[in-house]
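In what follows, a structure is listed as structure tokens, so that the remarks can point back to it.
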Amino acid sequence: MMETKTSHLQNMELWKLWKEQGDLEAKKAIIEQYLPLVDYVSNRLAVGLPKNVSKDDLGSFGVMGLMDATEKFDYERGLQFETYASWRIRGAMIDGLRQGDWVPRSVREKAKKVEEAYQRLEQEHLRSVTDEEISDYLDVSEKDFQHMLQEISITTLCSLEDPIGDEESETRLSMLVDEKARNPEYKVNEFFLKESLVKAIERLTEKERIVVSLLYYEDLSLSEIAEVMSLSPSRISQLHSKAILRLRGSLGRFKTQLFNE
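Per the UniProt record's numbering, residue 1 is the first one in the sequence shown, and the count goes up by one each step.
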């Protein structure tokens with residue numbers, strides 16, 4: 001992760017000048033301080049993207065996300081701006097790419113079919129299904145299935161602005177709240193979410209769990225994970241795609257069961 005250029009006290013002073021006095025120079029200083037974060041996020045995100053995606057475009061989207069984070073961040077809540085801004089930057093990059101409509105509808109449809117296949121088969125067999133079983137269900141060869149995974153890898157990226165429930169207003173970003181300000185309803189939802197996620201992760205294959213762990217918990221890039229696991233980056237991308245599609249299918253199933261009980 002990037003190194004900060006100012007001390008904590010200096011940082012707080014900048015935030016006070018910007019938020020309390022509207023000092024534009026302070027805002028500019030904050031943005032300049034965290035610009036390396038845009039490069040960091042774009043470098044990680046670019047690994048799983050097609051080669052035709054421009055890093056300059058990612059950078060432009062990321063800067064807009066950083067500026068938005070600077071506008072909306074509440075420094076008095078005690079949260080880390082670096083973490084908040086990283087999510088905003090990543091979300092802005094993904095949203096920017098989506099608005100460019102560079103992912104063909106056919107690819108999105110394939111992703112939906114694979115996700116539904118995982119959900120239906122794993123609900124039926126109550127275990128992690130194999131590539132062969134998914135291929136048979138989709139009526140394609142295993143080679144074609146692997147190619148499909150490569151095609152739809154980008155669709156397994158998600159934005160903070162994506163709805164996580166039936167209500168459009170409930171997004172991942174809306175769930176980023178102060179640890180000290182959680183209410184009982186939030187804690188109940190968090191409990192069931194964690195419980196469902198644990199069950200879903202247990203259904204992943206060993207390699208898929210390793211990829212998820214290294215990517216989201218150890219903060220490694222896909223290329224770094226490829227080196228650790230002695231696999232090609234494209235294979236790591238496939239494992240990541242399968243893991244996310246399995247998790248989406250499982251979480252969708254658990255959500256249905258939860259609200260039907």
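We put the beta carbon where it would ideally sit given N, CA and C, even for glycine.
### Task
Specify whether the stretch 31-43 and the stretch 81-88 touch according to this definition: at least 3 beta carbon pairs, one from each stretch, less than 8 Å apart.
yes
### Message
Taking 7 Å as the limit between beta carbons, can you name the residues of its chain near T70, skipping five residues before and five after?
### Response
K27, I30 and I31
### Message
Could you compute how far the alpha carbon of S237 sits from the alpha carbon of S153?
### Response
7 Å
### Query
Once you ignore the five residues that flank L220 on each side, which residues in its own chain have a CB closer than 6 Å to its CB?
L214
### Query
Are K110 and M148 closer than 8 Å when you measure CB to CB?
Result yes, Cβ atoms of K110 and M148 sit closer than 8 Å.
### Task
Following the continuous alpha helix (DSSP H) through residue 316, name the residue where it begins and the one where it ends.
Any property of residue 316 remains undetermined from this structure, which presents the chain solely from 1 to 261.
### Task
Could you spell out the range, first to last residue, of the alpha helix (DSSP H) harbouring S213?
E206 to Y216
### For L24 and E115, believed in contact at Cβ under 8 Å, the rounded distance
Actually they do not touch by this definition, with Cβ atoms about 45 Å apart.
#### Entry: Distance, G62 Cα to A181 Cα
Because the pLDDT of A181 is 48, which lies under 50, any placement of that residue in the model is unreliable, and the number read from its coordinates should be weighed accordingly. If I take the Cα positions, the gap works out to 29 Å.
### Message
Measuring only the C-alpha atoms, how far is L14 from Q21?
### Response
10 Å
### Task
Ignoring anything shorter than 4 residues or poking outside the stretch 71-130, list the alpha helix (DSSP H) runs there in chain order.
81-99 and 105-125
### Query
Helix, strand or coil: how does DSSP classify I31 here?
Note: I31 maps to helix in three-state DSSP.
### Query
How long is the line joining the alpha carbons of S60 and M93, rounded to whole angstroms?
8 Å
### Task
Would you mind sorting Q119 into buried or exposed? The rule is 16 or more other CB atoms within 10 Å of its CB.
buried
### Query
Near V212, which residues of its chain fall below 6 Å by C-beta distance, leaving aside the five closest residues on each side in sequence?
A243
### Task
Tell me where the alpha helix (DSSP H) around I225 begins and ends.
L222 to M229
### Task
Pull up the CB-CB distance for E122 and R203, whole angstroms please, since I reckon it's below 8 Å.
6 Å
### Alpha carbon of F73 to alpha carbon of K194, nearest angstrom
C-alpha separation (whole angstroms): 26 Å.
### Task
Measure from the alpha carbon of K16 to the alpha carbon of each residue in D68, R77 and D57, then state which is nearest.
R77
### Task
Would you tell me roughly how many angstroms separate the C-alpha atoms of I225 and E132, rounded to the nearest one?
25 Å
### Nonlocal neighbours in the same chain, by C-beta distance under 6 Å from R248, ignoring five residues either side
E115
### Query
From Q99 to Q80, what does the alpha carbon distance come to, in whole angstroms?
29 Å
### Query
To the nearest angstrom, how far is it from the Cα of I201 to the Cα of H125?
16 Å
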